[in-house]
Amino acid sequence: MSLVILFSVLIVLMILLLFTYTHQKLQNVSGTIVMIAPIVSALYFLWQIPSVFAGHYVAIRLPWLPSLDINIDFRLDGLSLFFSLLISLIGVAVFYYATRYMSKDHDDLPRFYIYLLLFMISMLGVVTANNTILLYVFWELTSVSSFLLIAYWYGNRDSQFGALQSFMITVLGGLAMLTGFIMIYTVTGSNTITDIINDSHSIANSPLFIPIIIMLLIGAFTKSAQFPFHIWLPKAMVAPTPVSAYLHSATMVKAGIFLLFRFTPILGLSDFYIYCVTFVGLITMIFGAINAIRQFDLKGILAYSTISQLGMIVSMVGIGGGVVQQPTGEMAKVYSLVLFGALFHLMNHALYKGALFMGVGIIDHETGTRDIRKLSGLRKVLPITHVVMLVSALAMGGIPFLNGFLSKEMFFEGLVSAHELTQFNIWLTLLLDAVGVVASIFTLIYAVYMIKEVFWGDYSKAQLPKQHVHEPFLFTVPSLIMMLLLPIIFFVPNLFAHYIILPAFRNISIGSKADQLAPHISQWHGVNLPLILSVIVFIVGITAALKIDWKKHTQQIKATSISDMYLGTYKQFEYYSGYSIRSLMNNRLNHYITITLIIFIMIVTYGIIQAGFPKVHQIHVSEFGPLEVITLIVVFVLGIALTFIRQRLTMVILNGIIGYCVTIFFILMKAPDLALTQLVVETITTILFIVSFSRLPNVPRTKVHKKREAVKIVVSLLMAIIVVTLVFIAQQSNAMPTISTFYHDAYKLTGGKNIVNAILGDFRALDTLFEGLVLIIAGLGIYTLLNFKDRRGQDERE
1 MSLVILFSVL
11 IVLMILLLFT
21 YTHQKLQNVS
31 GTIVMIAPIV
41 SALYFLWQIP
51 SVFAGHYVAI
61 RLPWLPSLDI
71 NIDFRLDGLS
81 LFFSLLISLI
91 GVAVFYYATR
101 YMSKDHDDLP
111 RFYIYLLLFM
121 ISMLGVVTAN
131 NTILLYVFWE
141 LTSVSSFLLI
151 AYWYGNRDSQ
161 FGALQSFMIT
171 VLGGLAMLTG
181 FIMIYTVTGS
191 NTITDIINDS
201 HSIANSPLFI
211 PIIIMLLIGA
221 FTKSAQFPFH
231 IWLPKAMVAP
241 TPVSAYLHSA
251 TMVKAGIFLL
261 FRFTPILGLS
271 DFYIYCVTFV
281 GLITMIFGAI
291 NAIRQFDLKG
301 ILAYSTISQL
311 GMIVSMVGIG
321 GGVVQQPTGE
331 MAKVYSLVLF
341 GALFHLMNHA
351 LYKGALFMGV
361 GIIDHETGTR
371 DIRKLSGLRK
381 VLPITHVVML
391 VSALAMGGIP
401 FLNGFLSKEM
411 FFEGLVSAHE
421 LTQFNIWLTL
431 LLDAVGVVAS
441 IFTLIYAVYM
451 IKEVFWGDYS
461 KAQLPKQHVH
471 EPFLFTVPSL
481 IMMLLLPIIF
491 FVPNLFAHYI
501 ILPAFRNISI
511 GSKADQLAPH
521 ISQWHGVNLP
531 LILSVIVFIV
541 GITAALKIDW
551 KKHTQQIKAT
561 SISDMYLGTY
571 KQFEYYSGYS
581 IRSLMNNRLN
591 HYITITLIIF
601 IMIVTYGIIQ
611 AGFPKVHQIH
621 VSEFGPLEVI
631 TLIVVFVLGI
641 ALTFIRQRLT
651 MVILNGIIGY
661 CVTIFFILMK
671 APDLALTQLV
681 VETITTILFI
691 VSFSRLPNVP
701 RTKVHKKREA
711 VKIVVSLLMA
721 IIVVTLVFIA
731 QQSNAMPTIS
741 TFYHDAYKLT
751 GGKNIVNAIL
761 GDFRALDTLF
771 EGLVLIIAGL
781 GIYTLLNFKD
791 RRGQDERE
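744 is the number that the numbering used here gives to position 744 of the sequence shown; each next residue is one higher, with no gaps.
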């Protein structure tokens, strides 16, 4: 139950933040309140390290929809603990950093921290969920919270566009992932992830295996900004810098990689998966690295560098996925080296990229700009930030004595050893090596180039929006601590690898020999090919970064932006969809009735084709007495009278009497529940009509137009004939299966003695729920419109 307690504490803190809106002083301390969440979370997951390392996993399962195997099912194993520690520990740094970055005077702090905490809870839910549907729910919650955070400064048009673009891409990817989960359920009959993984060979032998892979990869690639779905990440950089440091470098973009890790024991059984993930990752890596050099915005550089680094990790996941096919032998060692290196580099990337984003945030906060064309010589006024960003950038570039060097060496070692694997021959290996080396060179170029342009050279504050630049020490503490971890991990990598990465590797690598396959990370392997490639990258990258004027050359590069293509497609779609809606919804009631009539005719025609024309002479007529005949005559007479009456109030009353006559029919047919429902609905409807007409202007009636009235009568009779025909088709047709036999078991399935209540409350529970929500939304809309009218009148009087 400890996981449930943790989530309960986090939700209670979110509710507590809502109460900070009531008082200004409470709003100012909302950052202090929310800091409790990542601290409690980090302490809990650190406390679980010994237990999970020993193989004792924390699990909780609460029934939700057990008939569909949809349950509140959480499981803290090695992989989920690894990601939970990243989310929580980076969260501590980011939440503290946000208290220094956000303005108490200009920002809505409670709203910001509620969004940020919602994202943290959502990410923890993604990585600990042991049910595919539960995982999907939290997955989409990360998209929702990301949308809210990117659009936090909603008055900015760029914020609006960035939020919409990221939301659309990641949500559509999530829907593709859900489709893959449904396919898995059809094959295995289970939504429990551990059961699905244990049944991996059944999925691999299914004809749906390739479609499942494609759907899950779309979900992973959209979330982790892989080419060509990467376009949302640079646009998301309009969010506050704490958001960029947390969501778009350390956590949310890693959710797609988590999905690949979690399902590698299944997906790795396909060579198609290995090729697709490997080459998409490498394409993304080199694409992001090259485009990072073209940026002038510091966050833009880091955005494309994040895309590039994520591509590197994804390619390593792809190459290492084959360990599922070869869990033993020499090939298993190569697979394991790359897969283990992917986990190691994921941890390293979260640290140095988080520190870099925080450094950029300090620069932006203190100077008022992120444009490298306006920044120079900042080492003189921001010395701590200079050291933090220099060390972090060099770690990203893979310089020795920093953690990035170790994981980059593992990456190179996996590339040069790819020819030993079944999926890659010598030519593919050379291609992998070339792309990996070129991308690494560009990575080092933009890392050094960024530092050179911003911190080195002569300091000039003439171009800075803020003239008084200073560096508060407490502002730099989170990034400083993360920077200090970079050399520490280099010198004691196996301390982290053994207790944090190894348990995660056990959940990815199938077989009992995961501990033996896990590589020992060493700072020196002698003079070998990976070291030679690293030397080439160092020499070429540093020389190119220092000797070439990249600002001059990148301005001459003209390239078509995929984001611009997306924007053009979006505008075209918006135009044509708006045109279609305007054509359909033209505020003409006759037009709407015509469309409705056409749809009814199509339905009836389809019914006649499927079931045959109703044999009216064979219809069984129930017994009826004088009361039924009198009620029918009343309905008939009132229906004819309504076509000639012109007074609104009279029409409403007569229409209500027809409804009450229907209630009498239900009573005579011994259906008191339907009669009661009809009575309540008819009464409420009549009252609402009377109240509505009382507020409408008294429009004078025109004389009766005989042709128009004749058309209305014909349309009414035609609609009546259509409805009656549908009833006849439904009553006497055996061409289509009936659902009534299923509803007959209502008491057995639901325990409900009233079949109507059982249908509404159980069989169609979601439908009933959403109908209620529609009423609530409509009521809120009406209330808002009425209040808006009142306020407008007040404003005019003032």
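We put the CB at the ideal spot given by N, CA and C, even for glycine. All figures in this text were calculated on a predicted structure; none of them were measured in a lab.
Quiz prompt | Endpoints, beta strand (DSSP E) assigned at Phe74 | solution = In the DSSP assignment, Phe74 falls within the beta strand (DSSP E) that extends over Ile70 to Leu76.
Practice problem: Name the two residues that bound the continuous beta strand (DSSP E) containing Arg61. | Solution: From DSSP, the beta strand (DSSP E) with Arg61 extends over Val58 to Leu65.
Self-check item: Continuous alpha helix (DSSP H) assignments of at least 4 residues falling wholly in the stretch 722-781
Solution: Complete alpha helix (DSSP H) runs here, min 4: 740-743, 746-750 and 755-758.
Quiz prompt | Beta-carbon gap between Ser122 and Phe138 smaller than 7 Å | solution = Using a Cβ distance threshold of 7 Å, Ser122 and Phe138 count as a contacting pair.
Self-check item: Span of the alpha helix (DSSP H), counted from its first residue to its last, around His498
Solution: Segment: none, His498 is in no alpha helix (DSSP H) and carries neither H nor E.
Quiz item: For Asp371, which three-state DSSP category applies?
Solution: Strand.
Quiz item: Excluding five sequence neighbours on each side, which residues of the same chain lie with their C-beta closer than 7 Å to the C-beta of Ser244?
Solution: Answer for Ser244: Met237, Lys299 and Phe357, listed in chain order.
Exercise. Find out if the Cβ-Cβ distance for the pair Ile184, Ser166 is shorter than 7 Å.
Key: No, they are not a contact pair.
Practice problem: Measure the Cβ-Cβ separation of Gly78 and Asn507 and say whether it is below 7 Å. | Solution: It is a contact, given that the beta carbons lie within the stated cut-off.
Exercise. Work out the CA separation of Phe53 and Ile266 for me, nearest whole Å.
Key: Rounded to whole angstroms, Ile266 to Phe53 spans 23 Å at the Cα level.
Quiz item: What's the gap between the Cα of Gln160 and the Cα of Tyr154?
Solution: When rounded, the distance between both Cα atoms is 6 Å.
Quiz item: Which same chain residues, not among the five before or five after Ala514, have their C-beta less than 7 Å away from its C-beta?
Solution: These residues qualify, in order along the chain: Phe505 and Arg506.
Quiz prompt | Length of the line joining the Cα atoms of Phe279 and Arg75 | solution = Phe279 and Arg75: Cα-Cα distance of roughly 32 Å.
Self-check item: Anticipated Cβ contact below 8 Å, Gly361 with Pro465, distance rounded
Solution: Contact doesn't hold; Cβ gap of about 15 Å is too wide.
Quiz item: Would the beta-carbon of Thr222 fall within 7 Å of that of Gly173?
Solution: Contact: yes.
Practice problem: Keeping to the same chain, check which residues put their C-beta closer than 6 Å to that of Val469; ignore five residues upstream and five downstream. | Solution: Non-local C-beta neighbours of Val469 in its own chain, meaning closer than 6 Å and more than five positions away in sequence, comprise Glu366, Thr367 and Val381, ordered along the chain.
Quiz item: What's the gap between the Cα of Gln831 and the Cα of Ile193?
Solution: Given that the chain is displayed from residue 1 to residue 798, the structure contains no residue 831 and the question cannot be resolved.
Quiz item: Where Leu6 and Ile218 are concerned, what is the direct C-alpha to C-alpha distance, given to the nearest angstrom?
Solution: Distance between the alpha carbons of Leu6 and Ile218 is about 31 Å.
Practice problem: Taking 7 Å as the cut-off, decide whether the C-beta atoms of Gly541 and Ile445 are in contact. | Solution: Yes.
Quiz item: If you drop the 5 nearest sequence neighbours on each side, which residues of the same chain put their C-beta closer than 6 Å to that of Gly612?
Solution: Contacts found: none.
Quiz item: In this structure, does DSSP put Ala418 in helix, strand or coil?
Solution: Of the three classes helix, strand and coil, the one that applies to Ala418 here is helix, per DSSP.
Quiz item: Looking at C-alpha atoms only, which residue of Asn156, Pro327 and Leu529 is the closest neighbour of Ala239?
Solution: Per the Cα distances, Asn156.
Self-check item: Span separating the alpha-carbon of Ile687 from that of His705
Solution: Their backbone Cα atoms lie some 30 Å apart in a straight line.
Quiz item: Rounded to a whole number of angstroms, what is the C-alpha to C-alpha distance between Phe600 and Lys753?
Solution: Those two C-alpha atoms are separated by around 35 Å.
Practice problem: Kindly indicate which three-state DSSP category Asp799 falls into: helix, strand or coil? | Solution: The chain is shown only over 1 to 798; residue 799 falls outside these bounds and no answer can be derived.
Quiz item: Alpha carbon to alpha carbon, what distance is there between Asn494 and Leu406?
Solution: Looking at the two C-alpha atoms, the distance is approximately 11 Å.
Quiz item: Going by the C-beta, is Thr194 closer than 6 Å to any heavy atom of the ligand SAH?
Solution: With respect to the ligand SAH, the structure offers nothing, as it holds no ligand at all.
Quiz item: Are Asp69 and Arg61 close, meaning C-beta to C-beta below 7 Å?
Solution: Remark: C-beta atoms of Asp69 and Arg61 do not approach each other more closely than 7 Å.
Self-check item: Other residues of its chain near Gln295: CB distance less than 7 Å, five sequence neighbours each side excluded
Solution: Ile301 and Tyr304.
Quiz item: How about Ile286 and Trp550: do their beta carbons lie closer than 7 Å?
Solution: The answer is no: Cβ separation not under 7 Å.
Quiz item: At which residues does the alpha helix (DSSP H) containing Ser202 begin and terminate?
Solution: That run of the alpha helix (DSSP H) goes Ser200 to Ala204.
Self-check item: Element boundaries [alpha helix (DSSP H), containing Thr650]
Solution: Unbroken alpha helix (DSSP H) run through Thr650: Arg648 to Leu668.
Quiz item: Rounded to a whole number of angstroms, what is the C-alpha to C-alpha distance between Val4 and Arg764?
Solution: When rounded, the distance between both Cα atoms is 29 Å.
Practice problem: Whole angstroms is fine: what's the gap from Leu597's alpha carbon to Val253's? | Solution: For the pair Leu597 and Val253, the Cα-to-Cα distance works out to about 49 Å.
Practice problem: Note down the Cα distance separating Asn590 from Thr663, rounded to an integer number of angstroms. | Solution: So the alpha carbons of these two residues sit roughly 30 Å apart.
Quiz item: So Asp433 is in the alpha helix (DSSP H); what residue range does that whole segment cover?
Solution: Ile426 to Phe455 is the extent of the alpha helix (DSSP H) around Asp433.
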